[in-house]
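One structure is given below, encoded as structure tokens.
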Amino acid sequence: MKRPIAVQLWSVYALAEEDFPGVLRQISEIGYLAVETFGLHGLKPAVVRRMLDDLGLGLCSAHAPFPAGPEAERILDEQSELGAPVLAWSLEPEEFATEDSIARGVERVNIAAANARGRGMRIAYHNHSAEFTQLADGRRAYDVLLDQLDPGVLVELDMYWVQLAGVDPAAVVRDLGERVRFLHVKDGPAKSSEDAMVAVGQGSLDIPAVLAANPAVEWHIVELDRCDTDIMLALRDSYDYLIGNGLSTGTRAAPH
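Under numbering that gives the first Met the number 0, think of the first position of the sequence shown as 0, with each following residue one higher.
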């Protein structure tokens with residue numbers, strides 16, 4: 000199922016620290032339709048929004064801390080000015096040790112969801128691999144998490160970390176039903192958390208199977224946490240693979 004293609008800007012964080020406008024321009028020129036932000040590199044939210052608008056780049060979501068606790072209003076003010084419709088974030092790995100620790104983390108996420116809802120935004124939960132460990136009673140931590148989360152909390156499923164945990168990401172995406180709206184599309188060996196990632200389509204994941212697993216998905220967000228190759232080239236190769244194989248949609252046709 001084709002979906003629009005975006006970039007998670009953590010992929011280019013170091014480059015963006017040096018030249019954020021130039022990085023966004025390159026992403027637009029590759030053909031990506033939108034970005035998911037990860038920090039604003041010292042710029043005002045309205046300035047970043049104008050940069051995106053000038054390049055014709057959308058903002059599908061923002062990676063931003065859960066707006067709960069003393070920083071909640073500051074986070075919401077910043078993301079509201081940016082125009083982020085959805086804020087995605089994660090719990091810490093140690094919060095998946097027991098059902099009680101999950102419940103404490105969930106309370107924070109649910110408060111964030113209520114706070115965001117009051118400002119016209121939504122929260123999405125982004126996983127790593129710790130969510131797919133088993134609790135002492137045999138239940139999967141991720142299932143306990145989803146059962147306790149506010150039903151309005153969306154899911155941003157990172158396929159790479161699911162596979163790294165030894166779980167089939169296509170099955171997880173399928174089982175999420177209507178909650179999953181974003182896929183973090185990445186590739187690599189998926190053997191160790193220290194592995195360098197590779198352009199999408201050049202690693203061990205069955206990308207077509209994951210992307211076809213659930214029609215509720217709205218965005219394919221390419222994220223390469225770290226690469227041994229040039230990151231902009233890897234983003235271009237990822238785009239060409241996804242567009243060329245009819246898996247995603249962008250603004251530029253893939254070369255034949």
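Just so you know, even glycine gets a beta-carbon here, dropped at the ideal spot from N, CA and C.
**Three-pair Cβ contact test at 8 Å for the segment 60-74 versus the segment 10-22** = no
**Pick from F131, I29, F37, E80 that is closest to L8, judged by C-alpha positions** = F37
**alpha helix (DSSP H) runs contained entirely in the segment 154-234, provided each spans 4 or more residues** = 158-163, 168-174, 206-210
**Message:** Out of E35, Y12, I26, V11, which one is the CA nearest neighbour of H219?
**Reply:** E35
**Asked** Can you tell me whether P66 is buried or exposed, with buried defined as 16 or more other CB within 10 angstroms of its CB?
**Response** buried
**Item:** Closest Cα partner of A212 within the set G187, E177, I4, A129
**Value:** E177
**Asked** Where does Y141 sit, in a helix, a strand or coil, going by DSSP?
**Response** helix
**Given V108 as reference, the closest of F95, Y124, T97 once Cα atoms are compared** = Y124
**Prompt:** Which two residues bound the contiguous alpha helix (DSSP H) that contains S79?
**Reply:** 71-81
**Message:** Looking at the strands, I want to know which residues DSSP matches up with V11.
**Reply:** None; V11 has no bridge partner.
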